[in-house]
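**Q** Dropping a structure here in structure tokens format, bear with me for questions.
In my numbering, the protein residues as written are 22 to 170.
What follows is the structure in structure tokens.
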């Protein structure tokens, strides 16, 4: 029940964010203000995003009063792991086109595995990183015929 209470506002946050991005991709008007078709859907999605975030915080506040699972989740190593994963994902997105799929995937997965498993398991980290990167490259490039950067 608690997961459902949190999944609904999270779903609407994601939905409104996608709707906002899609509204900026609408075609421009040929007469009058070229951005006129964008105003209503963008405004609607911004309002929906604001209310969804408010709804999420209200549900988190209720859950925080009911139990201490949220505080346990936000303590310890979990927030650092989430932040590091997001940071690595952003770096991966920026270097993907510049250095290619294979090298960027090796750097991303290697950095993530070394952060999670530590340096003590360096051999396992390297084997998993290189094997996964080459196998996924082989599956996409050779077996599926998809051109990777």
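For glycine and all other residues, C-beta sits at the position ideal for the given N, C-alpha and C.
For clarity, every value in this text was computed on a predicted model and none was experimentally measured.
#1: Which of the three DSSP states, helix, strand or coil, is assigned to residue 51?
#2: By Cβ distance, which residues of its chain are closer than 7 Å to residue 123, with the 5 residues on each side in sequence left out?
#3: Please classify residue 130 as buried or exposed, where buried requires at least 16 other C-beta atoms within 10 Å of its C-beta.
#4: Let me know the secondary structure DSSP gives residue 100 once reduced to three states.
#5: Counting pairs of beta carbons, one from the segment 71-83 and one from the segment 47-55, are three or more of them closer than 8 Å?
#6: Could you tell me the distance, in whole angstroms, from the CA atom of residue 169 to the CA atom of residue 148?
#7: Under a Cβ-count criterion, where at least 16 other Cβ atoms within 10 Å of its own Cβ denotes burial, should residue 125 be classed as buried or exposed?
#8: When the distance is taken between beta carbons, is residue 133 closer than 8 Å to residue 106?
**A** Short version:
#1: Looking at residue 51 - three-state DSSP - the assignment turns out to be coil, as it is neither helix nor strand.
#2: For residue 123, where only same-chain residues beyond five positions count, the Cβ hits under 7 Å are 154 and 158.
#3: buried
#4: helix
#5: no
#6: 22 Å
#7: buried
#8: Yes; because the gap between Cβ atoms is below 8 Å, this pair is in contact.
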